[in-house]
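Q: Numbering (UniProt numbering), first residue to last: 1 to 443.
By construction, the Cβ of each residue, glycine as well, lies at the ideal position given by its N, Cα and C atoms.
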Amino acid sequence: MADHGFDLLISARWMIPVENDGEILEDYSVAINNGEIISLLNPTESAAVNAEKRVRLDHHVLMPGLVNLHGHSAMTLLRGLADDKALMDWLQNHIWPAEAAHVADDFVFDGALLAMAEMIRGGTTTINDMYFYHGAMARAGLASGMRTFVGATVLEFPTNYAQNADEYLSRALEERREFLGEELVTFTLAPHAPYTVSDDTFRKVVTLAEEQDMLIHCHIHETAGEVEDARREQHQRPLARLKALGLLSPRLIAAHMVHLDKDEIELAARHGVSVAHNPTSNMKLASGIAPVPALLAAGVNVGIGTDGAASNNKLDMLAELRQAALLAKVGTLDPTAVPAATALKMATLGGARALGIGDKVGSIRAGKDADLIAIDLEAVETSPAFDPISHVVYAAGREQVSHVWVKGRPLMRARTLTTLDTGALLENAARWRERILGKGKTA
């Protein structure tokens with residue numbers, strides 16, 4: 001291999017490829033050209049190759065970047081505004097009024113950049129978002145360098161962004177056209193939830209998704225109240241209604257899916273639906289514990305999300321990994337449920353598969369894009385290191401993420417962001433605090 005030249009060679013104490021559960025490669029290197037993983041090299045092979053740049057990580061885990069499968073990035077600007085509320089109280093009496101007063105293009109751009117800085121610092125390389133002012137979200141994604149899925153929210157009622165369902169859809173498609181050539185930006189259709197979207201609109205979403213080859217991202221079965229209201233008012237549970245409307249397919253990313261019976265789990269598996277599990281948000285809003293072990297056993301693809309910073313209140317995927325594993329255990333009273341390697345796969349390859357990019361990212365394999373992160377285990381909190389997979393899931397904190405690459409491009413080196421200005425982000429956040437409190441500029 002001596003005559004092979006690479007753009008970048010990253011060597012680490014441990015590598016977790018994720019492709020095979022529990023696999024750990026020691027002292028291996030990843031060779032990268034033009035943002036693509038060319039090969040995984042053992043120490044002898046890596047010593048023999050030429051590379052324009054070498055990064056040596058003697059105490060680190062190198063692993064795929066984390067995929068945040070459900071978020072509302074701009075809501076970082078509402079973090080801590082209303083806590084310890086039930087979901088509908090939180091939405092109707094606190095979040096929606098605040099959004100009506102402040103959400104616009106600049107709010108979404110500034111809030112999304114703040115969120116992306118937080119996510120990159122925590123090892124997240126892909127975000128599957130759902131919000132408004134989609135051009136602003138897409139521009140933030142391009143500025144940060146993250147792989148960004150822009151969810152175009154659809155509602156029946158008016159907001160600052162649109163007046164009715166048809167306008168939500170038409171504006172989304174118009175904004176999408178501007179970014180069709182961007183490799184790292186993908187638009188999805190995001191009907192908010194069964195309780196905020198009509199049958200006719202769901203049918204339009206399904207038709208558009210098929211015509212435009214787009215994913216669908218929707219909150220489904222988040223609370224017991226949502227399910228009970230649907231049974232009382234529509235005489236069927238939401239998932240049955242969505243099946244009748246044609247929504248259930250491999251295109252669908254169903255966020256939450258907390259309250260499911262056995263038949264609904266089998267229904268999701270049969271139709272190839274992916275689930276975005278949001279453990280911390282579900283705990284904070286007391287929504288319940290999603291039946292993740294049963295979903296996995298049925299063959300449902302499950303990824304992990306943070307939800308928005310207003311209902312979490314962190315965009316910390318490493319924390320979500322731990323919570324996902326622990327919630328599964330306490331929810332089933334089975335300590336073997338969702339072991340560390342399974343949780344790690346959910347947060348990487350599971351999310352990538354849900355987004356239709358499992359062939360590009362989510363694991364370390366030749367031919368995939370180099371969306372990679374490094375976690376430094378040389379810390380009091382993670383020493384000694386017997387099992388790096390266990391440490392990543394149960395012991396490491398996001399402050400130990402040292403390096404982040406998307407398609408081979410460094411977004412963070414040695415804890416320093418390379419694409420975003422932290423000082424400017426903090427100044428912007430302070431200005432937004434004053435505006436939201438009514439003390440600053442409002443126009």
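(1) Rounded to the nearest angstrom, how far is the Cβ of A324 from that of A337, given a contact under 8 Å?
(2) Quick one, are the C-beta atoms of A224 and H259 less than 8 Å apart?
(3) Suppose contacts are defined by Cβ-Cβ distances below 8 Å. Is T188 in contact with L215 by that definition?
(4) Q400 and I364: beta carbons closer than 8 Å?
(5) Go ahead and label H217 buried or exposed: buried means 16 or more other beta carbons lie within 10 angstroms of its beta carbon, across all protein chains shown.
(6) How many Å lie between K360 and N34 at the Cα?
(7) Tell me the DSSP secondary structure of V18 in three-state form.
(8) Helix, strand or coil for G423, going by three-state DSSP, please let me know.
(9) Taking the alpha helix (DSSP H) that H391 falls in, what are its first and last residues?
(10) S274 bridges to which residues according to DSSP?
(11) So for D3, helix, strand or coil by DSSP?
(12) May I have the straight-line CA-CA distance separating H277 from S383, to the nearest angstrom?
(13) Hey, W90 and L285: beta-carbon distance below 8 Å or not?
(14) Please return the same chain residues whose Cβ sits closer than 7 Å to the Cβ of D3, not counting the five positions on each side in sequence.
(15) Leaving out five residues on either side along the sequence, give the residues of the same chain with a beta carbon under 8 Å from the beta carbon of N160.
(16) For L114 and H235, what's the separation of their Cα atoms in angstroms?
(17) Taking its Cβ as the centre, do 16 or more other Cβ atoms sit within 10 Å of K53, making it buried, or is it exposed?
(18) Starting from R54, follow its DSSP beta bridges and name the residues at the other end.
(19) Do you know offhand how far P194's Cα is from I220's?
(20) Could you name the residues of the same chain whose beta carbon sits closer than 6 Å to that of G27, not counting the 5 residues immediately before and after it, in chain order?
(21) Measuring straight from C-alpha to C-alpha, what distance separates L349 and G358?
(22) Let's see if you can read the secondary structure: which residues bound the alpha helix (DSSP H) around N282?
(23) Return yes when the Cβ of L425 is within less than 8 Å of the Cβ of A117, no when it is not.
A: Short version:
(1) Within the sequence shown, residue 324 is the residue found at index 324, counting from 1. Within the sequence shown, residue 337 is the residue found at index 337, counting from 1. Rounded, the Cβ-Cβ distance is 10 Å, inconsistent with contact.
(2) For the purposes of this step, residue 224 is taken as residue 224 along the sequence shown, with counting starting at 1. For the purposes of this step, residue 259 is taken as residue 259 along the sequence shown, with counting starting at 1. Contact: yes.
(3) Sequence index remark: in the sequence shown, residue 188 carries index 188 (1-based). Sequence index remark: in the sequence shown, residue 215 carries index 215 (1-based). Contact: yes.
(4) Residue 400 sits at position 400 when you count from the first residue of the sequence shown. Residue 364 sits at position 364 when you count from the first residue of the sequence shown. Cβ distance not < 8 Å, so Q400 and I364 don't count as in contact.
(5) Your numbering for residue 217 matches position 217 in the sequence shown. By the neighbour-count rule (16 or more Cβ atoms within 10 Å), H217 is buried.
(6) Your numbering for residue 360 matches position 360 in the sequence shown. Your numbering for residue 34 matches position 34 in the sequence shown. C-alpha separation (whole angstroms): 14 Å.
(7) In the sequence shown, counting from the first residue as 1, residue 18 sits at position 18. Reduced to three states, the DSSP call for V18 is coil.
(8) As a working mapping, residue 423 is identified with position 423 in the sequence shown. Three-state result, G423: helix.
(9) Counting from 1 along the sequence shown, the entry for residue 391 is found at position 391. Segment P388 to Y394, the alpha helix (DSSP H) holding H391.
(10) Position 274 of the sequence shown, counted from the start, is the residue given in the question as residue 274. For S274, which the question treats as bridged, DSSP gives the partners I253 and N301.
(11) For the purposes of this step, residue 3 is taken as the residue at position 3 of the sequence shown. Caution is warranted here: a pLDDT of 48 is assigned to D3, below 50, making its placement in the model unreliable, and the coordinate value is therefore given only provisionally. In the structure shown, D3 sits in coil (DSSP, three-state: anything other than H, G, I, E or B).
(12) Here residue 277 corresponds to residue number 277 of the sequence shown, with the count starting at 1. Here residue 383 corresponds to residue number 383 of the sequence shown, with the count starting at 1. The alpha-carbon atoms of H277 and S383 are separated by roughly 30 Å.
(13) Within the sequence shown, the letter at position 90 stands for residue 90. Within the sequence shown, the letter at position 285 stands for residue 285. It is a contact, given that the beta carbons lie within the stated cut-off.
(14) To locate residue 3, count along the sequence shown from 1; it is residue 3. For D3, the pLDDT reaches just 48, beneath the cut-off of 50, and the residue's location in the model is therefore unreliable, leaving the point undetermined.
(15) Start at 1 with the first residue of the sequence shown, and residue 160 comes out as number 160. Around N160: E99, A100, V103, A104 and F132.
(16) Here residue 114 is taken as the residue at index 114 of the sequence shown, counted from 1. Here residue 235 is taken as the residue at index 235 of the sequence shown, counted from 1. Each residue's alpha carbon lies about 43 Å from the other.
(17) To locate residue 53, count along the sequence shown from 1; it is residue 53. Its Cβ having fewer than 16 others within 10 Å, K53 is exposed.
(18) By one-based count along the sequence shown, residue 54 stands at place 54. Answer is L9, bridged to R54.
(19) The residue you call residue 194 lines up with position 194 of the sequence shown. The residue you call residue 220 lines up with position 220 of the sequence shown. Taking the straight line from one Cα to the other gives about 7 Å.
(20) The residue labelled residue 27 in the question sits at position 27 within the sequence shown. Reading off the sequence, residue 27 comes out as Asp, not Gly. For D27, where only same-chain residues beyond five positions count, the Cβ hits under 6 Å are P43.
(21) Translated into positions along the sequence shown, residue 349 becomes position 349. Translated into positions along the sequence shown, residue 358 becomes position 358. The alpha-carbon atoms of L349 and G358 are separated by roughly 6 Å.
(22) Translated into positions along the sequence shown, residue 282 becomes position 282. Counting along the chain, the alpha helix (DSSP H) containing N282 begins and ends at P279 to K284.
(23) Locating residue 117 in the sequence shown gives position 117, where the first residue counts as 1. Locating residue 425 in the sequence shown gives position 425, where the first residue counts as 1. Yes, they are a contact pair.
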